[in-house]
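Residue numbering for the sequence shown is 524 to 766, as defined by the numbering used here.
Notes follow once the structure below has been shown.
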Amino acid sequence: MHTVVPSPKRSRFRRWLRWLLALPFLFAAASVLQVAALRFIDPPFSAFMLERQMEAWGDGDWGFRYVYDWRDLDRIASSLPLSVIAAEDQKFATHRGFDLQAIEKARVNNAKGRRVRGASTLSQQVAKNLFLWQGRSWLRKGIEAWYTVLIEALWSKQRIIEMHVNIAEFGDGVYGAQAAAREFWGRDAADLSAEQSARLAAVLPAPRRYNARDPGPYVQRRANWIQRQVRQLGGKSYLEGLK
């Protein structure tokens with residue numbers, strides 16, 4: 524009986540094909556383990572921090588160093604996470620990672636040719652800042668959505684907001700509540716005032732354009748609006764009720 528022996532080229536092609544078919548499953552498994560571990564482990568850095576450092580070195584700024592200092596949520600003034608929720612995602616406590624109404628509103632707004640509006644929840648922002656790169660593409664949005672689902676499934680809401688206020692960029696190369704509090708006002712994150720917290724939340728759409736320490740008219744107006752919204756959320760009891 525004659526046995527057909529596959530050619531070396533065909534065998535190599537099949538091995539590569541098997542690896543390519545396995546990659547999505549390997550990525551899914553690795554990302555689940557990654558997110559599960561970060562439920563308990565505080566990250567030493569984020570993808571956005573590394574990207575900012577590489578960007579500075581690429582521009583020849585060899586002395587640039589980003590500033591980052593993790594603080595647990597109970598060591599951060601409650602006014603900051605409340606201000607961030609009031610400014611960025613007032614449905615944070617009730618949605619499961621995606622604000623469908625905001626997404627539809629943004630789609631309609633953009634279809635009319637108006638200025639592009641985002642509809643990212645805090646969970647999506649954490650996924651983007653912690654794991655991904657800057658820019659716009661369908662691949663990036665797809666990976667962001669996957670990480671958002673994992674974050675919502677594996678973390679509590681308190682962990683999500685704790686992560687957000689620790690890795691968000693509040694100024695050029697200034698990441699997290701403690702770094703911002705020290706850099707801008709020479710105090711600890713636990714001692715931030717309601718006004719300072721509102722200013723930090725107000726610059727989040729563009730932290731390299733706006734200044735929380737010396738706010739212009741836009742930041743000051745937005746900070747005043749945020750403080751009014753915080754009062755409507757219900758104060759510290761709102762944070763304690765997050766699950």
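All C-beta atoms, glycine included, are put in the ideal place defined by N, C-alpha and C.
Everything numeric in this text was worked out from a predicted model, so none of it was measured.
Discussion item. Given a cut-off of 8 angstroms on the beta-carbon distance, is the pair residue 729 and residue 746 in contact?
Written reply: It is not a contact, given that the beta carbons lie outside the stated cut-off.
Item to complete: Go to residue 694, then tell me how far its beta strand (DSSP E) extends in each direction, as first and last residue.
Response: 692-694 is the span of the beta strand (DSSP E), which, as asked, contains residue 694.
Fill in: Nearest residue (CA-CA) to residue 558, options 683, 596, 598 and 724
It is 683.
Worksheet item: Is it the case that the Cβ atoms of residue 715 and residue 600 are separated by a distance below 8 angstroms?
Response: Their beta carbons are under 8 angstroms apart, which means residue 715 touches residue 600 by this criterion.
Item to complete: Kindly indicate the opening and closing residues of the alpha helix (DSSP H) around residue 707.
Response: Here the alpha helix (DSSP H) through residue 707 covers 700-708.
Discussion item. How far does the alpha helix (DSSP H) with residue 665 in it extend, from its first residue to its last?
Written reply: For residue 665, the enclosing alpha helix (DSSP H) stretches over residues 661-677.
Worksheet item: Between the beta-carbon of residue 688 and the beta-carbon of residue 573, is there less than 8 angstroms?
Response: Judged by their CB atoms, residue 688 and residue 573 are not nearer to each other than the 8 angstroms cut-off.
Worksheet item: What's the gap between the Cα of residue 796 and the Cα of residue 544?
Response: No answer is possible for residue 796: the residues shown for the chain start at 524 and end at 766.
Item to complete: Look at residue 735 and residue 723 and say whether their C-beta atoms are less than 8 angstroms apart.
Response: At the C-beta level, residue 735 and residue 723 come within 8 angstroms of one another.
Worksheet item: On the three-pair Cβ rule with 8 angstroms, is the stretch 670-684 touching the stretch 642-659?
Response: Yes, since at least three Cβ pairs between the stretch 670-684 and the stretch 642-659 fall closer than 8 angstroms, the two stretches touch.
Worksheet item: Which class does residue 590 belong to by DSSP, given the choice of helix, strand or coil?
Response: Here residue 590 carries a strand assignment [DSSP, helix/strand/coil].
Practice prompt. Give the DSSP-derived three-state secondary structure of residue 649 in the structure shown.
Written response: Residue 649 falls in the helix class under three-state DSSP.
Worksheet item: Are the stretch 657-667 and the stretch 579-587 touching by the rule of at least three beta carbon pairs closer than 8 angstroms?
Response: No: the two stretches stay apart, fewer than three of their Cβ pairs being nearer than 8 angstroms.
Worksheet item: Would you say residue 742 and residue 725 are within 8 angstroms of each other, going by their C-beta atoms?
Response: Annotated as proximal: residue 742 and residue 725, with beta-carbon spacing under 8 angstroms.
Item to complete: With a threshold of 16 other CB atoms inside 10 Å of the CB of residue 727, please say whether the residue is buried or exposed.
Response: Residue burial annotation: residue 727 is buried, with at least 16 other C-beta atoms found within 10 angstroms of its C-beta.
Worksheet item: Got a sec, what are the start and stop residues for the alpha helix (DSSP H) residue 762 sits in?
Response: From DSSP, the alpha helix (DSSP H) with residue 762 extends over 759-763.
Worksheet item: Comparing alpha-carbon positions, which option in 561, 566 and 756 lies nearest residue 678?
Response: The candidate whose alpha carbon is nearest that of residue 678 is 561.
Discussion item. If you reduce the DSSP assignment to three classes, tell me which class residue 688 lands in.
Written reply: Reduced to three states, the DSSP call for residue 688 is helix.
Worksheet item: Once you ignore the five residues that flank residue 680 on each side, which residues in its own chain have a CB closer than 8 angstroms to its CB?
Response: Here the set comprises 615, 616, 765 and 766.
Discussion item. Could you check whether residue 693 and residue 670 sit closer than 8 angstroms to each other, using their CB atoms as the reference points?
Written reply: Against a cut-off of 8 angstroms, the Cβ pair of residue 693 and residue 670 comes out as no contact.
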